[in-house]
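One structure is given here, and the rest of the page talks about it.
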Ligand code: ZN
Ligand code: ZN
């Protein structure tokens, strides 16, 4: 009989994992891989998981990796990390900065960097997987360590789901995930309810009738039609969505015509929509369709408009009971380093996994910025100007205490479900 808590017992092993986690992280950071091309990362993850004693499934949905570890009867907890990097030229000046350049889909050379910090997620989850495997007497149940491809494209999680994820993982009780953010390193932020927005991009093609610029009476002018649509779309959020329910409709791109004295025959608009509730999301997309169709009719457009959706991300809305349980465990372990996470405007595809498995989930943030640097910027009112954010070429989490914190957070949250009661 031991008096040590499961958390203390499992995390005592951090002194053994920290060293290889840091080395692994530096290498991963230096050699990032783009979405759906995470072959080397996936192979290294699989090899490590096997060495910890996990039952490993590779090539799930392309480059996805799943490690399963069963130990007695108890809940099954899924821990998820994403593995992909971005087409960004790293400008961090770090001695382990990436100088990787690859050939993109279009044949162009593209630089690659872990500018979103997914390398942090991989190193932390591998560490947590090792720690939990190394101290099985402190927990019982099943650990599912899931490493997904292509979060940045919004389809990596779905591809794993479509590749028989359910059959591989079996019955799962809860899913947990984290993201490194521009907040002080050492802190963990949780939030019940909506946490990340849903994102939808939409391409709208509207049709007019081409004519000479001097003979507008012979035309249906797609430029005027598109302009009416852009103006009228401003009313969707302002007049159709409740003020307390944040949402955005942006027309990011508009193309029509070729020359000042030619009236073209079509216009293409590209929209980006952000929302936090599925019902709001559906209402906004329906409103856009309605307005575009009505404006086309008002203009006497000769053909129905065309709509296509792309780059779609689901909303991320944390289950309240799960978040409360994890938050209590974080408060007990991290003390005042356990904080409230503000509502984020970014998007994620993680929730596609728990949604497909019909299970609750919570998603939290860990800080990645040197605390002194962060607090200096905060005191000067210059956080937005001075602290690099995810996807910026100079976004570079400090290795510690970021890796320790992310590893601890995963272990603490998992043990909130798997840990044996304190004797
Ligand atoms: Zn990202
Ligand atoms: Zn990310």
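In my numbering, the protein residues as written are 4 to 426. Don't be surprised by glycine CBs; every beta carbon is placed ideally from N, CA and C. Computed from a prediction, not measured in an experiment: that's the story for all the values here.
Assuming residue i and residue j are in contact, meaning their beta carbons sit under 8 Å apart, how far apart are those beta carbons, in whole angstroms?
{"i": "residue 317", "j": "residue 282", "result": "Actually they do not touch by this definition, with Cβ atoms about 13 Å apart."}
{"i": "residue 128", "j": "residue 89", "result": "In fact, because the Cβ distance is near 19 Å, the residues do not count as touching under 8 Å."}
{"i": "residue 16", "j": "residue 138", "result": "6 Å"}
{"i": "residue 420", "j": "residue 80", "result": "5 Å"}
{"i": "residue 196", "j": "residue 323", "result": "7 Å"}
{"i": "residue 295", "j": "residue 232", "result": "6 Å"}
{"i": "residue 20", "j": "residue 45", "result": "The Cβ separation is near 20 Å, so there is no contact."}
{"i": "residue 418", "j": "residue 9", "result": "5 Å"}
{"i": "residue 48", "j": "residue 356", "result": "At roughly 17 Å, the Cβ-Cβ gap does not stay under 8 Å, so residue 48 and residue 356 are not in contact."}
{"i": "residue 43", "j": "residue 34", "result": "7 Å"}
{"i": "residue 384", "j": "residue 186", "result": "Actually they do not touch by this definition, with Cβ atoms about 16 Å apart."}
{"i": "residue 71", "j": "residue 58", "result": "5 Å"}
{"i": "residue 174", "j": "residue 359", "result": "13 Å between Cβ atoms; not a contact."}
{"i": "residue 263", "j": "residue 216", "result": "6 Å"}
{"i": "residue 364", "j": "residue 321", "result": "7 Å"}
{"i": "residue 428", "j": "residue 166", "result": "There is no way to answer for residue 428, as the model of the chain reaches only from 4 to 426."}
Short of 7 Å in beta carbon distance, which residues of its chain neighbour residue i, apart from the five on each side in sequence? Order them along the chain.
{"i": "residue 304", "result": "209, 210, 211, 223 and 228"}
{"i": "residue 2", "result": "Summary: the structure shown does not reach residue 2, with the chain confined to residues 4 through 426, and so no result is reported for it."}
Of the choices the options, whose alpha-carbon is the least far from that of residue i?
{"i": "residue 22", "options": "422, 402 and 347", "result": "402"}
{"i": "residue 38", "options": "153, 63, 142 and 140", "result": "153"}
{"i": "residue 121", "options": "348, 405 and 199", "result": "405"}
{"i": "residue 325", "options": "53, 192, 301 and 366", "result": "366"}
{"i": "residue 329", "options": "358, 381, 280 and 411", "result": "411"}
{"i": "residue 277", "options": "348, 301 and 225", "result": "348"}
{"i": "residue 319", "options": "198, 130 and 253", "result": "198"}
{"i": "residue 409", "options": "337, 301 and 396", "result": "337"}
{"i": "residue 221", "options": "331, 310 and 302", "result": "302"}
{"i": "residue 237", "options": "219, 280, 264 and 290", "result": "290"}
{"i": "residue 13", "options": "235, 130 and 213", "result": "130"}
{"i": "residue 374", "options": "240, 297, 174 and 390", "result": "390"}
{"i": "residue 239", "options": "292, 206 and 344", "result": "292"}
{"i": "residue 335", "options": "307, 416, 287 and 97", "result": "416"}
{"i": "residue 107", "options": "36, 53 and 56", "result": "36"}
{"i": "residue 26", "options": "166, 388, 125 and 377", "result": "125"}
{"i": "residue 309", "options": "286, 332 and 273", "result": "273"}
{"i": "residue 3", "options": "300, 269, 265 and 251", "result": "It is not possible to answer for residue 3, since the shown part of the chain is limited to 4 through 426."}
{"i": "residue 206", "options": "269, 167, 245 and 265", "result": "269"}
{"i": "residue 245", "options": "24, 105 and 286", "result": "286"}
{"i": "residue 218", "options": "265, 241 and 51", "result": "265"}
{"i": "residue 225", "options": "156, 299, 241 and 376", "result": "299"}
{"i": "residue 179", "options": "24, 327 and 297", "result": "327"}
Ordered along the chain, which non-local residues of its own chain (more than five positions away) have a Cβ less than 6 Å from that of residue i?
{"i": "residue 171", "result": "60 and 69"}
{"i": "residue 190", "result": "340, 342 and 370"}
{"i": "residue 271", "result": "208 and 258"}
{"i": "residue 275", "result": "204, 253 and 255"}
{"i": "residue 248", "result": "283"}
{"i": "residue 99", "result": "29, 32 and 33"}
{"i": "residue 243", "result": "290"}
{"i": "residue 344", "result": "192, 193, 194 and 368"}
{"i": "residue 95", "result": "397 and 399"}
{"i": "residue 407", "result": "none"}
{"i": "residue 448", "result": "Since the displayed the chain opens at 4 and closes at 426, residue 448 lies outside it and no answer follows."}
Cutting at 8 Å between CB atoms, please list the residues of its own chain near residue i, excluding the five before and the five after it.
{"i": "residue 400", "result": "120, 123, 183, 188, 371 and 372"}
{"i": "residue 78", "result": "144, 145, 176, 177, 420 and 421"}
{"i": "residue 261", "result": "267"}
{"i": "residue 118", "result": "88, 89, 91, 93, 393, 394, 395, 396 and 398"}
{"i": "residue 414", "result": "10, 13, 14, 131, 134 and 135"}
{"i": "residue 75", "result": "143 and 144"}
{"i": "residue 331", "result": "419"}
{"i": "residue 378", "result": "187"}
{"i": "residue 56", "result": "72 and 136"}
{"i": "residue 105", "result": "37, 40, 112, 113 and 115"}
{"i": "residue 52", "result": "59, 68, 70, 129, 132 and 148"}
**Item:** Within 6 Å of ligand 1: residues by beta-carbon to any heavy atom
**Value:** 119, 155, 393 and 394
**Message:** For the segment 152-169 against the segment 340-353, do three or more pairs of beta-carbon atoms, one drawn from each stretch, fall closer than 8 Å, so that the two count as touching?
**Reply:** yes
**Prompt:** Quick check: the segment 27-37 against the segment 133-149, are there 3 or more CB pairs under 8 Å?
**Reply:** no
**Touch test, the segment 311-328 against the segment 197-208, Cβ-Cβ under 8 Å, three pairs minimum** = yes
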